[in-house]
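Enquirer:
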Amino acid sequence: IRFCDIMDPTSALIAIGLSLVLSLLIYAFRLLTVSGCVASFLIGSVIGVFGSLSWLVLLIVFAILGFAATKSGFTKKKEMGVQEGTHGERNYKNILGVAIPPFIIALLNFIFPGNESMMALGYIATIAVAAADTSASELGVKDPKGWLITNFKRVAPGTDGGVSVSGTVISLVVSLAVSVVGFLVIFQSLNVSLLVPTVCGFIGCVADSVLGATVESKGLISKYTNNAITGIIGGLLTILILSVV
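Terminal number for the sequence shown in my numbering: 382, no gaps in between.
Below you can see the structure in the form of structure tokens.
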């Protein structure tokens, strides 16, 4: 089977073009390093080509919200020493950490056709995990009252595995918001099944904190690996739930 028999060349070119423009714009705003720009372009192109243009649109929405969360209260975060990079910029490791899960779902969608709706919900869940974790980290870190998720002892903001009431609430709200936007963008409708990626997105975010407090804090994995693992958990858990109900 030739690639051109499966993929609409026009849609593929649009996806690649959008990915290029988005990556260059974010780089121009000093929110990506050169390596981050390249990684963003490649990941966006793959998701747009092997998933769909609507999948890419959702990724773009997440990227915009994520960078907005990064810039929110940046001066205070810099004073606390918990900011990303010098100006909030992210490199290829940041991009791959959150983009590998939706990248995997996009490839699965291409390899196993006929399951587009289920794969789309799994894809939405991976974005929900990433968005919930990014928001909880970037906004919740400003909450001075934090606890370690494994034993609920008080910890300083920015501690691996640290959670706060505001961060937890934010992560749940953002997971729901991403699921709603994902349904509107991909399905152009809303129904009760959007609760599946919402819950799985929140579970993935909680799992991120658990791994952060255990294996990541011991140096066994990086935060980028943690992001990838928990994003995959959210996406595959969504697909598993939908396959048995």
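C-beta: ideal position from N, C-alpha, C; glycine also.
Compute the Euclidean distance between the alpha carbons of Tyr260 and Ser316, then round it to the nearest angstrom.
Expert: Using only the alpha carbons, I get a separation of about 10 Å.
Enquirer: Out of Leu202, Leu190, Ile241, which has the shortest C-alpha to C-alpha gap to Leu168?
Expert: The residue with the shortest Cα to Cα distance from Leu168 is Leu202.
Enquirer: Is it buried or exposed for Ile248, if we count other Cβ within 10 angstroms and need 16 for buried?
Expert: Per the 10 Å Cβ criterion, exposed.
Enquirer: Let's test the definition: count the other Cβ atoms within 10 Å of the Cβ of Ala344 and tell me whether it reaches 16, buried, or not, exposed.
Expert: Buried is the call here.
Enquirer: Please give me, in chain order, every unbroken run of the alpha helix (DSSP H) with length at least 4 that falls completely inside the region 304-374.
Expert: The region 304-374 contains these whole alpha helix (DSSP H) runs: 332-348.
Enquirer: Is the beta carbon of Ala149 less than 7 Å from the beta carbon of Val186?
Expert: Yes, these two residues count as a Cβ contact at 7 Å.
Enquirer: In angstroms, rounded to a whole number, what distance separates the CA positions of Ser380 and Ala165?
Expert: Computed Cα separation, rounded: 42 Å.
Enquirer: Could you give the first and the last residue of the continuous alpha helix (DSSP H) run that contains Leu159?
Expert: Residues 146-165.
Enquirer: What is the rounded straight-line gap between the Cα of Arg291 and the Cα of Val306?
Expert: Approximately 18 Å between the Cα atoms of the pair.
Enquirer: Between which two residues does the alpha helix (DSSP H) harbouring Leu233 extend?
Expert: Run containing Leu233: 229-248, per the alpha helix (DSSP H) assignment.
Enquirer: Which of the three DSSP states, helix, strand or coil, is assigned to Val198?
Expert: If DSSP states are grouped into helix, strand and coil, Val198 belongs with the helices.
Enquirer: Mapping the DSSP letters down to three states, classify Tyr260 as helix, strand or coil.
Expert: Of the three classes helix, strand and coil, the one that applies to Tyr260 here is helix, per DSSP.
Enquirer: In or out: Ala414 buried (at least 16 other Cβ within 10 Å) or exposed?
Expert: Lying outside 138 to 382, the shown extent of the chain, residue 414 is not represented and no answer is given.
Enquirer: Among the residues of its own chain, which have a CB less than 6 Å from the CB of Ile323, if the five just before and after it don't count?
Expert: Excluding sequence neighbours, Ile323 sits near Ser191, Ala257.
Enquirer: Are at least three pairs of beta-carbons, each pair with one atom in the region 351-370 and one in the region 265-274, less than 8 Å apart?
Expert: With a cut-off of 8 Å, the region 265-274 and the region 351-370 count as touching, because enough Cβ pairs lie within range.
Enquirer: With H, G and I counted as helix, E and B as strand and the rest as coil, what does DSSP make of Gly203?
Expert: Gly203 falls in the helix class under three-state DSSP.
Enquirer: Can you check whether the CB of Thr375 is closer than 7 Å to the CB of Cys337?
Expert: Yes, they are a contact pair.
Enquirer: Does DSSP put Leu377 in a helix, in a strand, or in coil?
Expert: Of the three classes helix, strand and coil, the one that applies to Leu377 here is helix, per DSSP.
Enquirer: Are the CB atoms of Thr335 and Ser312 nearer to each other than 7 Å?
Expert: Contact: yes.
Enquirer: Measure the CB-CB distance between Gly368 and Val300 and report whether it falls below 7 Å.
Expert: Their beta carbons are not under 7 Å apart, which means Gly368 does not touch Val300 by this criterion.
Enquirer: Ser346 and Gly298 look like a contact to me (Cβ under 8 Å); what is the Cβ gap, rounded to whole Å?
Expert: At roughly 5 Å, the Cβ-Cβ gap stays under 8 Å, so Ser346 and Gly298 are in contact.
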